[in-house]
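Have a look at the structure below before the remarks.
In my numbering, the protein residues as written are 87 to 417.
In structure tokens:
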């Protein structure tokens, strides 16, 4: 039986979630919800599902298994807390957009409530859900890189948003930090610097150093002043290193001491694993979420779980504290 799902928050990202659910053989999109009636009605008409304007009405009138929370709010996460908590309290699984919340205390509450209710909480950390990222993860897990030594991550885009001083860190870098932890594990120490471009109020450029619990070290360069999108991840170990260029474009393995360099690309159109654009990462992430729910995967085994989203938020708050106090912060 298909999973009965709803989407809460019907801006662009919410409609992306809804479209993926509609295309899935394992899910049935039955409703959409938004506090702005026009947005809910427009999406409902296009998707041919029922519209709701409050979560209370949605939960009262629909028999659901899960919901996506794609609301916005301050720093892109300010409106996630209350909808997620309402849906979790109803005993439903939730896939929440990143960040779980711009308030880390709220993010902790969300993770704890999911545990208390015994339901799955996922985070839309879609950058790790590409064939090349999964291939690189396999190299790490199999020991092909040897003992991990360092990771360098860059994520730069152009974003003029000035709504809060730390919008750049809280809204963008759940993705980059999740990718770093995907490859190198949990973080124990954080040291950060930041700079505003001329005329900006947002700390729009950041340099963050990390020490991982396994002993590896890492560095993140982030920017909202890049003028272009750049995402690059380099992971090195005692036996070799890989470089992942873009989210899905190119993966290169370099043996440490001789041997053949291996290069892998996004497969051509029509071949398995091909991705047309960054938008395809939403499909691969949400399809994984649907499949895991259908398979009955335990809440603590969900890929890109709420705990993964919380871990990224904890690092971001530590980075802000480090920058403000000019200290190394231990998690």
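Even glycine gets a Cβ: it sits at the ideal position worked out from N, Cα and C.
Nothing here was measured: the structure is a model prediction, and the numbers come from that model.
Kindly give me the distance between the Cβ atoms of residue i and residue j, rounded to whole angstroms, as I take these residues to be in contact under 8 Å.
i           : j           : result
residue 250 : residue 160 : 6 Å
residue 225 : residue 231 : 6 Å
residue 246 : residue 185 : Their Cβ separation, rounded to whole angstroms, is 20 Å, which puts residue 246 and residue 185 out of contact at 8 Å.
residue 393 : residue 197 : 6 Å
residue 211 : residue 264 : 4 Å
residue 173 : residue 403 : With a Cβ gap of about 25 Å, residue 173 and residue 403 do not count as contacting.
residue 299 : residue 271 : 6 Å
residue 126 : residue 171 : Between residue 171 and residue 126 the Cβ distance is about 20 Å, and since that is not below 8 Å, they are no contact.
residue 110 : residue 118 : Actually they do not touch by this definition, with Cβ atoms about 16 Å apart.
residue 152 : residue 179 : 4 Å
residue 156 : residue 100 : 4 Å
residue 242 : residue 302 : That pair is no contact at about 23 Å.
Could you name the residues that DSSP lists as bridge partners for residue i?
i           : result
residue 311 : 244
residue 93  : 118 and 154
residue 330 : 319 and 337
residue 416 : 275
residue 281 : 291
residue 296 : 276 and 304
residue 113 : 89
Alpha carbon to alpha carbon, how far is residue i from residue j?
i           : j           : result
residue 317 : residue 368 : 17 Å
residue 377 : residue 411 : 44 Å
residue 322 : residue 238 : 9 Å
residue 409 : residue 332 : 28 Å
residue 154 : residue 390 : 14 Å
residue 45  : residue 285 : Residue 45 is absent from the model: the chain starts at 87 and stops at 417.
residue 295 : residue 87  : 47 Å
residue 382 : residue 415 : 38 Å
residue 188 : residue 396 : 10 Å
residue 288 : residue 310 : 9 Å
residue 139 : residue 93  : 12 Å
residue 199 : residue 182 : 14 Å
residue 59  : residue 375 : With the chain running from 87 to 417 in the structure shown, residue 59 is simply not present.
residue 122 : residue 379 : 29 Å
residue 252 : residue 335 : 29 Å
residue 147 : residue 417 : 43 Å
residue 257 : residue 355 : 32 Å
residue 112 : residue 373 : 9 Å
- Secondary structure, beta strand (DSSP E): runs of 3+ residues fully inside the segment 133-204: 136-138, 152-155 and 179-182
- Uninterrupted beta strand (DSSP E) stretches inside the segment 337-400 (no shorter than 3 residues): 348-351
- Query: Counting Cβ pairs, one atom from each stretch, are 3 or more of them under 8 Å apart for the segment 274-289 and the segment 342-357?
  - Reply: no
- Message: As an exercise, report each continuous alpha helix (DSSP H) stretch of at least 4 residues that is fully enclosed by the segment 207-259, in chain order.
- Response: 217-228
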